[in-house]
Amino acid sequence: MNFNVNKTNMVKCIAIILMLMHHLFYCSKTFCEQYGTYSKFITWDSVYLFCGAAKICVGIFVVMTAYGITRAYNAQFYRGG
1485 MNFNVNKTNM VKCIAIILML MHHLFYCSKT FCEQYGTYSK FITWDSVYLF
1535 CGAAKICVGI FVVMTAYGIT RAYNAQFYRG G
């Protein structure tokens, strides 16, 4: 797969959504137990586990940013500028 700017930005967008999930819903289990809320569609334990694993977003964002910077640097270096 050949990454260009648009594809890299799409992957970064997914990483940002994962970051929001991690920061907004990672403590939801405690709040749900405290206030007695429940969900019919998905268990809070599943949400908690997914949001705990969503911290991979940092690695995704770093790799995509480093890839873009490296491509831009190489393009500038080989152009002679």
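Counting with the numbering used here, you get residues 1485 to 1565 for the letters of the sequence shown.
Each residue gets a CB set at the ideal place from its N, CA and C atoms; glycine is no exception.
> Going straight from the alpha carbon of N1490 to that of G1552, what length do you get?
Replying inline: The residue labelled residue 1490 in the question sits at position 6 within the sequence shown. The residue labelled residue 1552 in the question sits at position 68 within the sequence shown. Rounded to the nearest angstrom, the two C-alpha atoms are 11 Å apart.
>> Counting beta carbon pairs with one atom in the region 1499–1507 and one in the region 1537–1551, are three or more of them shorter than 8 Å?
In response: yes
> Do F1534 and A1499 have their CB atoms nearer than 8 Å?
Replying inline: Within the sequence shown, numbered from 1, the residue matching residue 1534 stands at position 50. Within the sequence shown, numbered from 1, the residue matching residue 1499 stands at position 15. Contact flag unset, no.
> Skipping 5 residues on each side, what residues in its chain have a beta carbon closer than 8 Å to that of Y1522?
Replying inline: The count along the sequence shown starts at 1 and reaches residue 1522 at position 38. Only C1516, W1528 meet the Cβ criterion.
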